[in-house]
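Please read the structure below before turning to the comments.
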Amino acid sequence: MATATVVEADPTTADDGASAYSGVHTSAWTDSQLRQYPFQTRQIPRLSHTDPRAELLIDNEEPVVLTDTNLVYPALKWDINYLQENIGNGDFSVYIAENHKFLYYDEKKMSNFENFVPKSRRIEMKFSEFVEKMHQTQELDGKERVYLQQTLNDTVGRKIVVDFLGFNWNWINKQQTKRNWGQLTSNLLLIGMEGNVTPAHYDEQQNFFAQIKGHKRCILFPPDQFECLYPYPVHHPCDRQSQVDFENPDYERFPKFKDVVGYEAVVGPGDVLHIPMYWWHHIESLLDGGVTITVNFWYKGAPTPKRIEYPLKAHQKVAIMRNIEKMLGEALGDPHEVGPLLNMMIKGRYEQGPS
Ligand SMILES: O=C(O)CCC(=O)C(=O)O
């Protein structure tokens, strides 16, 4: 199933302070800060950006943690106080969830599924209100939580602009050009509480995920594990998100989740994780690890090549499936008719069985 050829991490460099290799290291974190899940993972390699293996992995649309890009070097001094003083008076999107899981939903698709009840809500607030809210929820002892997720924009203060201009644009622009990626669409600033979880989903963009403060565990799955992860229908507000609750998987509904195999890395300040387009990612701020700050760099993928090569890659098949669902939704005039029609089309006809 998994066709990814992620190179095996070098145990001498793979460690970010705690050990999947049980060597002796000074620990920035320990295994007890990781949540437990019922599937196996392999380590994503941690490499220097000058290592040719790193370039190869990015070329092959495979994940890698780059340890020394200096991509967000000026931001490594950012903490809540510095941001509160300098980030400006703009509005920030803050999600409030009833537990640690922040399942994303597309508000524009909510009218397609009138019975859908989101488990988190988005509120626009000033940065100082967010900080206050975070302190309040910390006192509530972890039940309700907040997660700031805001695209960086021109409302930020002068010092943040200076930091932003000092990012290693030279390196990242070269990455973009070399691979013929489209434009940088946005930089999302994420400020999370310890223990926050972004459940598994995929994006239709290339991502350089730059960790600034605290540690995050990133579990990735290649696009060929689509069948094991059971994404919501395209018209559902949770499009691109897995329906499987990793902490309590319903194997009757999602039997193939038993076959899922992930790749994982814990990223800390200065690390940059390449999350290739269409790769599933589940991201958790470590338990008892304090506040986390991340800025990601989302790029449009390369244009479809003029000459298509066969066999198609898994992510190209995902794109085809998405288009079929979208076209059926339009043709039928009702997203709720897509599932029944697809079922009618395949039931007793295309399922595997005696030939
Ligand atoms: O860091 C997180 O919690 C989620 C980030 C994410 O999903 C992304 O950058 O695509």
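Everything in the sequence shown is counted per the numbering used here, starting at 11 for the first residue and increasing by one.
Ideal placement from N, C-alpha and C gives every residue a C-beta, glycine not left out.
Below 7 Å between beta carbons: does that hold for residue i and residue j?
| i | j | result |
| --- | --- | --- |
| residue 137 | residue 97 | yes |
| residue 328 | residue 247 | no |
| residue 217 | residue 285 | yes |
| residue 273 | residue 52 | yes |
| residue 264 | residue 240 | yes |
| residue 1 | residue 251 | A query on residue 1 cannot be resolved here, the shown segment of the chain reaching from 11 to 365 and no further. |
| residue 208 | residue 318 | no |
| residue 173 | residue 85 | yes |
| residue 376 | residue 338 | The structure shown does not extend to residue 376, since the chain spans only 11 to 365, so no value can be given for it. |
| residue 299 | residue 245 | no |
| residue 230 | residue 291 | yes |
| residue 295 | residue 149 | no |
| residue 77 | residue 56 | yes |
Hey, residue i and residue j are a contact pair by Cβ (cut 8 Å); roughly how many whole angstroms apart?
| i | j | result |
| --- | --- | --- |
| residue 219 | residue 301 | Wrong, their Cβ atoms sit about 17 Å apart, outside the cutoff. |
| residue 192 | residue 311 | 7 Å |
| residue 211 | residue 155 | The pair is not a contact, with the Cβ atoms about 18 Å apart (cut-off 8 Å). |
| residue 254 | residue 49 | In fact, because the Cβ distance is near 10 Å, the residues do not count as touching under 8 Å. |
| residue 129 | residue 107 | 6 Å |
Tell me which same chain residues have a C-beta within less than 8 Å of the C-beta of residue i, skipping the five on either side of it?
| i | result |
| --- | --- |
| residue 243 | 249, 335, 345, 348 and 349 |
| residue 308 | 194, 195, 196, 197, 198, 213, 215, 216 and 217 |
| residue 186 | 194 and 309 |
| residue 102 | 134, 135, 136, 137, 140, 158 and 160 |
| residue 356 | none |
| residue 188 | none |
| residue 367 | Nothing about residue 367 can be read from this structure; the chain reaches only from 11 to 365. |
| residue 361 | none |
I'd like the list of long-range same chain contacts for residue i, defined as Cβ closer than 6 Å, with 5 residues on each side in sequence excluded.
| i | result |
| --- | --- |
| residue 157 | 105, 112, 202 and 206 |
| residue 269 | 238 |
| residue 47 | 256 |
| residue 161 | 196 and 198 |
| residue 18 | Confidence at residue 18 is low in this model, with a pLDDT of 46, below 50, so its placement is unreliable and no value can be given for it. |
| residue 275 | 54, 75 and 228 |
| residue 165 | 98 and 100 |
| residue 122 | 245 and 345 |
| residue 332 | 244 |
| residue 131 | 106 |
| residue 32 | Unreliable positioning characterises residue 32 in this predicted model, as indicated by a pLDDT of 47, which lies under 50. The coordinate reading is nonetheless provided below. Once the five neighbours on either side are set aside, residue 32 has no close Cβ partner at all. |
| residue 190 | 312 |
| residue 323 | none |
Excluding five sequence neighbours on each side, which residues of the same chain lie with their C-beta closer than 7 Å to the C-beta of residue i?
| i | result |
| --- | --- |
| residue 223 | 88, 89, 279, 301, 302 and 303 |
| residue 353 | none |
| residue 79 | 59, 178, 181 and 282 |
| residue 116 | 247 and 249 |
| residue 82 | 177, 220, 222 and 305 |
| residue 94 | 137, 138 and 141 |
| residue 163 | 100 |
| residue 120 | 126 and 247 |
| residue 167 | 96, 97 and 98 |
Check your understanding: Taking the runs of the beta strand (DSSP E) that are 3 residues or longer, which of them lie wholly in the region 37-77?
Key -> 50-53 and 74-76
Point to revise | Complete beta strand (DSSP E) runs within the region 88-134 (minimum length 3 residues, chain order) | key: Every beta strand (DSSP E) stretch that sits fully inside the region 88-134 and reaches 3 residues is listed by chain position as 102-107.
Check your understanding: Which runs of the alpha helix (DSSP H), 4 residues or longer, sit entirely within the region 163-233?
Key -> 168-175 and 179-188
Exercise for review: Counting only runs of 3+ residues fully inside the region 225-282, write out the beta strand (DSSP E) ranges in chain order.
Suggested key: 226-231 and 271-277
Point to revise | Complete runs of the beta strand (DSSP E) confined to the region 136-161 [at least 3 residues] | key: 155-161
Practice item. Go through the region 280-362 residue by residue and report every complete run of the beta strand (DSSP E) that reaches 3 residues or more, in order. Key: 282-285, 290-295 and 302-309
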